[in-house]
Amino acid sequence: MAVLDEPEATADAAGLTTGAVARRLGVSPTTLRSWDRRYGLGPAVRAEGRHRRWSPADIAMVEDMCRLTSAGAPPAEAARVARLRHHPTTPTTDPASPRASAPPAPPRADGDVDGEAEDAADPGATDPRPEPGPRPPARRGGAGGGLPLGGDVRQECRGLARAAVRLDAPELEQRLLDAVDRHGLVVAWEEVMVPTLRAVGRKWESSGDRYVEVEHLLSWHISSTLRGVPFLFPRRDPVTGAAPVVLACTPGEQHSLPLEVLTAALAERGLPTRTLGAAVPTEALLACVRRTGPAAVVLWAQTRSTASLPLARHVAGLEWGAAGARRRPTVLPAGPGWDRRASAGFPRCSGLREAVDTLGRLCEDGARPPARGH
Numbered sequence: 036m037a038v039l040d041e042p043e044a045t046a047d048a049a050g051l052t053t054g055a056v057a058r059r060l061g062v063s064p065t066t067l068r069s070w071d072r073r074y075g076l077g078p079a080v081r082a083e084g085r086h087r088r089w090s091p092a093d094i095a096m097v098e099d100m101c102r103l104t105s106a107g108a109p110p111a112e113a114a115r116v117a118r119l120r121h122h123p124t125t126p127t128t129d130p131a132s133p134r135a136s137a138p139p140a141p142p143r144a145d146g147d148v149d150g151e152a153e154d155a156a157d158p159g160a161t162d163p164r165p166e167p168g169p170r171p172p173a174r175r176g177g178a179g180g181g182l183p184l185g186g187d188v189r190q191e192c193r194g195l196a197r198a199a200v201r202l203d204a205p206e207l208e209q210r211l212l213d214a215v216d217r218h219g220l221v222v223a224w225e226e227v228m229v230p231t232l233r234a235v236g237r238k239w240e241s242s243g244d245r246y247v248e249v250e251h252l253l254s255w256h257i258s259s260t261l262r263g264v265p266f267l268f269p270r271r272d273p274v275t276g277a278a279p280v281v282l283a284c285t286p287g288e289q290h291s292l293p294l295e296v297l298t299a300a301l302a303e304r305g306l307p308t309r310t311l312g313a314a315v316p317t318e319a320l321l322a323c324v325r326r327t328g329p330a331a332v333v334l335w336a337q338t339r340s341t342a343s344l345p346l347a348r349h350v351a352g353l354e355w356g357a358a359g360a361r362r363r364p365t366v367l368p369a370g371p372g373w374d375r376r377a378s379a380g381f382p383r384c385s386g387l388r389e390a391v392d393t394l395g396r397l398c399e400d401g402a403r404p405p406a407r408g409h
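Taking our numbering, I'd label the letters of the sequence shown as residues 36 to 409.
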């Protein structure tokens, strides 16, 4: 057996061919070549004659790509995460960037060097993005790009605001990821993302509809960053036996971004969640609570008109489980729509960190058997 393994061991030292890497990962060579062309997930160095030789670092990158896509991540998002993990200085591409208008790169001349021809169409690679390349330096505007940030914000807010006003999607993406990486999710949200979002909102209100596109682009990239946090940054081991947290906007409430950051922050702690998003109908919310038996239910309301005390009380009154050991969820009203009167009798949290701590305790308590007689 050692004699049979010797050629592959020698190839490992010099770098594996695309065919060998494909066999190792259980994918087709065509898929690997497509990932290389479309996402830049290819060998960093090529041997003479343009033959591809995959180093251990190159293989680790596509292994991450396989793992993330198997977990349900979209191919373009999985490729971005894999590149950032293994080549953090490589610029990313985005459909809104100038390079996205260029035609896709033609097939390379070495398409058949591994003995397998390119397929006419690859069902595993449908994203038409070009492979990544250097971007021109971002243009620098005034402090905050003209947005009313004020003088007591982090410097990252000003860079983020300038990128938003320029509609520079790749710069937005990188700055948001840098903020989470440098400060952690909670600080990045409370001290970088939220002040910038508020500044855009103030500019929008004072300028008619001129800055709608800025607010929408910034919100979209913040949402994308939050959804990528579990893939990009290590999470704690799941809390064994913990009941989930249900997160939902009240009926008629469309502002779901705060629920997304809370979902990501809970995922960092290994806590299970069921996030329903914006404008959840009452019956759908009640059905979810009955079917999942959550430790807590977070009800988000941005305005007083969407905060419903009867709904909160109704959810808090739901019961499940065997007689003598029935459970009820703890309802956590969240958002500026809940004033003290509207949330009377319910726990209140002053910010993201406190909400995560409170929900963490509830989940851990819910993982323990209920005390006899409770």
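Virtual Cβ for every residue (Gly too), placed ideally from N, Cα, C.
Note that this is a predicted model, so its numbers are computed, not measured.
- By the CB criterion at 8 angstroms, L184 and A198 fall outside the cutoff.
- The criterion of a C-beta distance shorter than 8 angstroms is not satisfied by T285 and A214.
- Spanning the alpha carbons of A314 and G372 requires a straight line of approximately 14 angstroms.
- Within the DSSP bridge table, the entry for C284 names W335 as partners.
- Within the model, the alpha-carbon separation for E389 versus A300 is close to 11 angstroms.
- Contact between R309 and P329 holds, since their C-beta atoms are separated by about 7 angstroms, short of 8 angstroms.
- Taken atom to atom, the span from the alpha-carbon of M228 to that of D216 is near 13 angstroms.
- By the neighbour-count criterion, in which 16 or more other beta carbons inside 10 Å mark a residue as buried, P316 falls on the exposed side.
- Per DSSP, the continuous beta strand (DSSP E) segment holding A369 begins and ends at 365–369.
- E248 counts as exposed, since fewer than 16 other C-beta atoms from the protein chains shown sit within 10 angstroms of its C-beta.
- Each of L67, E98, M96 was checked against the Cα of R87, and the nearest Cα belongs to L67.
- Cβ-Cβ separation between L367 and R325: approximately 18 angstroms, too far for a contact (criterion under 8 angstroms).
- Assigned with DSSP and collapsed to three states, R362 falls in strand.
- Restricting attention to L252, G219, A278, L397, the CA atom closest to the CA of R201 is found in L252.
- In this structure, the beta-carbon distance from P78 to D99 does not fall below 8 angstroms.
- By the neighbour-count definition (other C-beta atoms within 10 Å, threshold 16), T338 is an exposed residue.
- Nearest to G186 by C-alpha distance, out of A277, R245, A234, is A234.
- Per the coordinates, the alpha-carbon of S254 lies some 16 angstroms from the alpha-carbon of E288.
- Between V350 and L394, the gap from beta carbon to beta carbon reaches 8 angstroms or more.
- Annotation: R72 to L220 spans about 32 angstroms, alpha carbon to alpha carbon.
- Less than 8 angstroms separates the beta-carbon of L261 from that of E295.
- Residue burial is scored here from C-beta neighbours: D392 has fewer than 16 other C-beta atoms within 10 angstroms and is therefore classed as exposed.
- By the Cβ neighbour-count rule, D374 is exposed, with fewer than 16 other Cβ atoms within 10 Å of its own.
- Linking L76 to V222 through their CA atoms gives a straight-line distance of about 32 angstroms.
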